[in-house]
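**Q**
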Amino acid sequence: MQIVPEITRRSIENLVGNDKREDGRALDEYRDISIETNVISKAEGSARVKIGGTQVIVGIKPQLGSPFPDTPDLGVLMTNCEMLPMADPTFEPGPPSEDSIELARVVDRGIRESELVELDKLCVEEGKHVWMLFIDLHIIDNCGNLFDACELAVMAALKTTKLPVATIVDEEVVLSEDETFDLPINNELALCTFVKIGDKIVIDPTLSEESVASARLNVGVTKDGHICSMQKGGKEPLTKDDILFAVNLAVKKTKELIEHL
Amino acid sequence: MSDIIRDDGRKFDELRPIKIEAGVLERADGSAYLEVGGNKILVAVYGPRESYIRRLLEPNTGVIRCRYNMAPFSVDDRKRPGPDRRSSEISKITADALRPALMLENYPRSMIDIYIEVIEAEGGTRCAGITAASVALVDAGIPMKDIVVGCAAGKVYDEIVLDLSEKEDKEGQADVPIAMMPRTGEITLLQSDGDLTEEEFAKAIDLAMEGCRKVNEIQKEALMKKYSIE
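Each protein sequence line maps, in turn, to chains A and B. In terms of the working numbering, the first sequence is residues 1 to 261. In terms of the working numbering, the second sequence is residues 1 to 230.
#1: Please report the distance separating the alpha-carbon of residue 175(A) from that of residue 162(A).
#2: In chain order, what residues of the same chain have a beta carbon less than 8 Å from the beta carbon of residue 187(A), not counting five sequence neighbours either side?
#3: Can you name the residues of chain B whose CB is closer than 7 Å to the CB of residue 142(A)?
#4: Let's test the definition: count the other Cβ atoms within 10 Å of the Cβ of residue 224(B) and tell me whether it reaches 16, buried, or not, exposed.
#5: Scan the stretch 99-121 of chain B for residues whose Cβ lies nearer than 8 Å to a Cβ of chain A and list them as they occur along the chain.
#6: Would you mind giving the Cβ-Cβ distance between residue 216(B) and residue 147(B), rounded to the nearest angstrom? I have them listed as a contact below 8 Å.
#7: Can you give the Cα-Cα distance for residue 45(A) and residue 23(A), rounded to whole angstroms?
#8: Is the beta carbon of residue 195(A) closer than 8 Å to that of residue 216(A)?
#9: From this set, 246(A), 31(A) and 93(A), which residue's C-alpha is nearest residue 81(B)'s C-alpha?
#10: Checking 8 Å against the spacing of the C-beta atoms, do residue 117(B) and residue 146(A) come in under that value?
#11: Between 79(A), 55(A) and 128(A), which has its C-alpha nearest residue 148(A)'s C-alpha?
#12: Check distances from the C-beta atoms of the stretch 110-143 of chain A to those of chain B and list, in chain order, the residues that come in under 8 Å.
#13: Exposed or buried, which one is residue 165(B) when buried takes at least 16 other CB atoms within 10 Å?
#14: Could you give the residue range of the alpha helix (DSSP H) that holds residue 209(B)?
#15: Return no unless some Cβ of chain A is closer than 8 Å to the Cβ of residue 201(B).
#16: With distances taken between CB atoms, is the gap from residue 20(B) to residue 42(B) smaller than 8 Å?
#17: Which residues mark the beginning and the end of the beta strand (DSSP E) in which residue 21(B) is found?
#18: Please identify the residue among 232(A), 211(A) and 182(A) whose C-alpha is closest to the C-alpha of residue 6(A).
#19: Do residue 57(A) and residue 39(A) count as a contact pair if the criterion is CB distance below 8 Å?
#20: In the DSSP output, which residue or residues are listed as bridge partners for residue 55(A)?
#21: Going along chain A, which residues have a C-beta under 9 Å from residue 22(B)?
#22: Rounded to the nearest angstrom, how far is the Cβ of residue 194(B) from that of residue 170(B), given a contact under 8 Å?
#23: Compare the beta carbon distance of residue 102(A) and residue 138(A) with 8 Å and say whether it is the shorter of the two.
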């Protein structure tokens with residue numbers, strides 16, 4: 001854990017208290033966002049997303065597997081996140097940290113609960129063979145707000161994912177070598193992350209804003225304005241007003257984010 | 001010499017297209033991005049910084065910690081995340097390949113971390129990792145005796161060729177990756193697997209060293225580009 005110098009803490013708190021930020025943005029303004037897709041030719045879907053200096057790469061690999069017993073006709077989604085030690089001097093090599101698992105689960109929750117991937121179309125043979133989509137997030141540069149960058153990257157990669165056509169011949173799965181189909185997607189989604197500094201709510205926090213924030217809130221909203229996932233993080237509580245304010249702003253801001261896709 | 005044309009249209013002594021960029025990450029002290037053929041490799045360097053891992057701390061010298069890691073999506077069949085025996089070995093020999101160029105005795109109680117991430121793999125990632133890591137070390141401002149550079153030669157269809165692609169590596173008879181310090185010609189990494197006669201081995205090592213010198217020019221260009229004043 002990095003120690004935050006008192007002078008940094010106070011200067012950020014003072015700025016935010018006066019509705020200003022260290023990089024000159026408004027409290028409800030995102031940093032520059034760039035999205036590139038199909039960046040990994042060996043992955044069936046991939047994207048690289050930058051929000052300011054934050055940079056993540058995601059690759060999607062499908063594998064045939066057995067469905068879960070309670071959903072024999074549905075494909076499977078698995079989201080995994082590696083906070084690479086390259087991304088931040090405080091990230092350590094080794095098994096995923098709590099933070100990394102939380103990040104992967106929050107990103108996964110948005111995709112899963114919005115039901116935007118039509119999992120029923122990923123069934124090859126009911127009860128036996130379904131497509132399992134491995135969504136692997138690689139965090140390569142951490143300058144704050146990994147959540148929103150990851151969700152955008154996953155969304156962009158899902159939209160470009162192509163799977164080989166699978167057919168059953170003599171009870172065996174045969175994959176077509178040249179025929180593919182687009183991963184069926186019926187919605188779009190973005191995640192908006194807020195932190196509370198003093199008594200203000202700030203969107204898209206930088207790393208130093210994250211380090212002085214008392215609490216965090218992630219809100220996942222679909223293109224049609226439905227809230228499909230939320231997570232409160234951080235040491236201190238939020239008030240009901242804070243939360244309602246953030247949700248209201250998230251519904252507006254996710255529309256802007258989705259335009260980047 | 002041989003005038004064969006390889007599967008991908010290259011001559012026996014021709015490298016795959018290669019591109020190196022220095023200083024691509026914000027947080028890292030030094031970084032580099034390298035593409036050669038279908039390989040995409042990202043390297044970050046942190047340090048020298050105080051060794052916060054007590055068991056690694058050496059009172060009289062600095063230490064380097066190297067981690068070679070393949071992304072799960074970097075290969076055709078998804079690789080399980082985390083270290084395996086192959087990546088552990090490559091991490092070790094990469095550290096050994098780079099160490100001779102560093103002046104670690106100047107950094108007691110410190111460590112230098114080198115993180116090599118294979119974003120996409122297409123044969124020859126260990127050499128590409130070493131080549132990119134050296135550029136990242138220079139970008140981090142760490143004094144070095146030389147820029148270490150890696151390149152492989154091998155035997156494919158009974159011919160000694162430079163810089164094997166993934167396909168050539170699979171179909172070929174031998175692979176000889178090396179790393180060297182081009183100023184002195186000293187070799188800091190050598191592996192060989194497959195079948196070679198003594199003459200073939202001598203030819204392979206000459207070819208690989210020639211390849212290293214070519215790649216070294218591209219390393220220097222990348223650094224010049226990053227640090228030249230317009």
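For every residue, glycine included, the Cβ atom is placed at its ideal position computed from N, Cα and C.
**A** Concretely, from the data shown:
#1: Reading the first sequence from its first residue, position 175 is the one you call residue 175(A). Reading the first sequence from its first residue, position 162 is the one you call residue 162(A). Going by the C-alpha atoms only, they are around 13 Å apart.
#2: Position 187 of the first sequence, counted from the start, is the residue given in the question as residue 187(A). Around residue 187(A): 114, 115, 116, 222, 223 and 224.
#3: The residue labelled residue 142(A) in the question sits at position 142 within the first sequence. The answer, in chain order, is 27.
#4: As a first step, residue 224(B) is located in the second sequence; it is residue number 224 there, counting from the start. Label assigned to residue 224(B): exposed.
#5: 113, 115, 117, 119, 120 and 121
#6: Here residue 216(B) refers to the residue found at position 216 of the second sequence. Here residue 147(B) refers to the residue found at position 147 of the second sequence. Their Cβ separation, rounded to whole angstroms, is 6 Å, which keeps residue 216(B) and residue 147(B) in contact under 8 Å.
#7: For the purposes of this step, residue 45(A) is identified with residue 45 of the first sequence, where counting begins at 1. For the purposes of this step, residue 23(A) is identified with residue 23 of the first sequence, where counting begins at 1. Near 33 Å, if we compare the C-alpha coordinates of residue 23(A) and residue 45(A).
#8: Along the first sequence, read from residue 1 onward, the residue named residue 216(A) stands at position 216. Along the first sequence, read from residue 1 onward, the residue named residue 195(A) stands at position 195. Contact flag set, yes.
#9: Position 81 of the second sequence, counted from the first residue, corresponds to residue 81(B). Closest option to residue 81(B), Cα to Cα, is 93(A).
#10: Counted from its first residue, the second sequence places residue 117(B) at position 117. Counted from its first residue, the first sequence places residue 146(A) at position 146. Not closer than 8 Å, so no.
#11: Taking the first residue of the first sequence as position 1, residue 148(A) is located at position 148. Minimum Cα distance to residue 148(A) is reached at 55(A).
#12: 134, 136, 138, 140, 141, 142 and 143
#13: In the second sequence, residue 165(B) corresponds to position 165, counting from 1. By the neighbour-count rule (16 or more Cβ atoms within 10 Å), residue 165(B) is buried.
#14: If you number the second sequence from 1, residue 209(B) lands on position 209. Looking at the DSSP string, the run of the alpha helix (DSSP H) that includes residue 209(B) is 198-227.
#15: The sequence position of residue 201(B) within the second sequence is 201, counting from 1. Not closer than 8 Å to any Cβ of chain A, the Cβ of residue 201(B) fails to qualify, so no.
#16: In the second sequence, counting from the first residue as 1, residue 20(B) sits at position 20. In the second sequence, counting from the first residue as 1, residue 42(B) sits at position 42. No.
#17: On the second sequence, position 21 is the one that residue 21(B) refers to. Unbroken beta strand (DSSP E) run through residue 21(B): 18-22.
#18: Against the first sequence, residue 6(A) aligns to sequence position 6. The option with the nearest alpha carbon to residue 6(A) is 211(A).
#19: Translated into the one-based positions of the first sequence, residue 39(A) becomes position 39. Translated into the one-based positions of the first sequence, residue 57(A) becomes position 57. The answer is yes: Cβ separation under 8 Å.
#20: Position 55 of the first sequence, counted from the start, is the residue given in the question as residue 55(A). The partner list for residue 55(A) (beta bridge, DSSP) reads 50(A) and 141(A).
#21: Taking the second sequence and counting its residues from 1, one reaches residue 22(B) at position 22. Near residue 22(B) there are no residues of chain A at all, since even the closest Cβ is about 15 Å away, more than 9 Å.
#22: Taking the first residue of the second sequence as position 1, residue 194(B) is located at position 194. Taking the first residue of the second sequence as position 1, residue 170(B) is located at position 170. Wrong, their Cβ atoms sit about 12 Å apart, outside the cutoff.
#23: What you label residue 102(A) is simply residue 102 of the first sequence in a count that begins at 1. What you label residue 138(A) is simply residue 138 of the first sequence in a count that begins at 1. No; because the gap between Cβ atoms is not below 8 Å, this pair is not in contact.
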